[in-house]
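Under my numbering, the first residue of the sequence shown carries the number 1, and numbering increases by one thereafter.
The beta-carbon is built from N, C-alpha and C at its ideal position, and this holds for glycine as well.
Since the model is a prediction, treat every value here as computed from it, not as a measurement.
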Amino acid sequence: MNISALQKTRRCPTLVERACGGDVPFFSRQMYGKWYDIAIGTTCIWMKNYKEKFSMGTLVLGPGTSTDQISTASTRLRQGDCTHISGEYQKTSTPGKYTYYNPKWDVSIRSYVLRTNYEEYAVILMKKKSSFGPSTTLKLYGRSPDLREDLIEAFQQLALEMGIPADSIFILANRGNPLWIKAGDIPSKPNPLETWCPGTRLCGQDTLFGQCLH
1 MNISALQKTR
11 RCPTLVERAC
21 GGDVPFFSRQ
31 MYGKWYDIAI
41 GTTCIWMKNY
51 KEKFSMGTLV
61 LGPGTSTDQI
71 STASTRLRQG
81 DCTHISGEYQ
91 KTSTPGKYTY
101 YNPKWDVSIR
111 SYVLRTNYEE
121 YAVILMKKKS
131 SFGPSTTLKL
141 YGRSPDLRED
151 LIEAFQQLAL
161 EMGIPADSIF
171 ILANRGNPLW
181 IKAGDIPSKP
191 NPLETWCPGT
201 RLCGQDTLFG
211 QCLH
């Protein structure tokens with residue numbers, strides 16, 4: 001399966017070119033609204049070891065409290081409970097690139113919109129740096145919980161192209177409706193919530209572009 005399924009609606013360089021600093025698609029307001037987590041590819045060892053624990057959730061994007069921010073709200077089932085996490089990412093001078101920094105844990109994240117046709121799918125890259133070392137996470141989102149198989153296969157190939165091991169690329173299980181959030185549910189001010197990671201309590205916000213921030 002080649003990557004043409006993720007290129008038909010936007011002519012873009014490859015993911016490898018993106019990761020090396022090429023241009024990224026402009027983040028349009030068309031990205032706002034609800035998305036479903038479909039698949040993840042990651043170099044994060046913790047995420048790989050606990051990949052069977054991850055399940056499908058929702059992500060809602062919207063305008064931030066200022067013009068240089070975007071708001072995020074994530075809802076998913078975690079150990080049988082519905083969790084809701086909100087936050088904000090900072091826009092940069094590069095369209096489609098966003099940053100997040102947690103000073104308490106000295107975690108910095110650079111996030112990129114790599115592929116999207118806005119009404120069906122989006123591919124997002126997260127590059128994280130912390131005292132535990134760097135990691136790369138690639139995520140596939142869909143406007144519905146059921147995404148075309150050719151898009152999923154193309155995502156898997158793109159992850160491999162970036163050097164993500166095959167056993168670290170996984171489809172998120174749909175374990176039911178964790179009170180799916182709506183686009184209007186994004187709070188006007190973000191509420192920092194704790195997420196669990198080994199050895200720490202607060203290791204970052206499970207929001208726009210990834211879950212493993214330890």
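- In the structure shown, E88 adopts extended strand secondary structure according to DSSP, grouped into three states.
- For the 8 angstroms CB-CB criterion, L59 and S74 form a contact.
- Annotated as proximal: S168 and K48, with beta-carbon spacing under 8 angstroms.
- Assignment of N49 by DSSP, reduced to helix, strand and coil, places it in the helix class.
- Exposure of S93 is indicated by the presence of fewer than 16 other C-beta atoms within 10 angstroms of its C-beta.
- Taking 8 angstroms as the cut-off, the beta carbon of Y121 is found no closer than this to the beta carbon of G96.
- Under the DSSP assignment, A173 falls outside any beta strand (DSSP E); it carries neither an H nor an E label.
- Between S135 and I124, the CB-CB gap reaches or exceeds 8 angstroms.
- Beta-bridge analysis with DSSP links S74 to L59 and I85.
- Judged by DSSP secondary structure, D37 falls within the beta strand (DSSP E) whose first and last residues are G33 to T42.
- Across the structure, E161 and C44 are spaced so that their CA atoms are roughly 16 angstroms apart.
- Straight through space, the alpha carbons of G57 and T83 are spaced by roughly 10 angstroms.
- The three-state reading of DSSP puts L147 in coil, since its state is none of H, G, I, E or B.
- Distance from S144 to K129 at the Cβ level is roughly 33 angstroms; contact not present, criterion being Cβ atoms closer than 8 angstroms.
- Scanning G87, L114 and V113 for the CA closest to the CA of Y101 turns up G87.
- A direct Cα-to-Cα measurement between T67 and R76 gives close to 27 angstroms.
- Counted as a single uninterrupted DSSP element, the beta strand (DSSP E) harbouring N102 occupies residues K97 to N102.
- Rounded to the nearest whole angstrom, the C-alpha separation of T99 and W105 is 15 angstroms.
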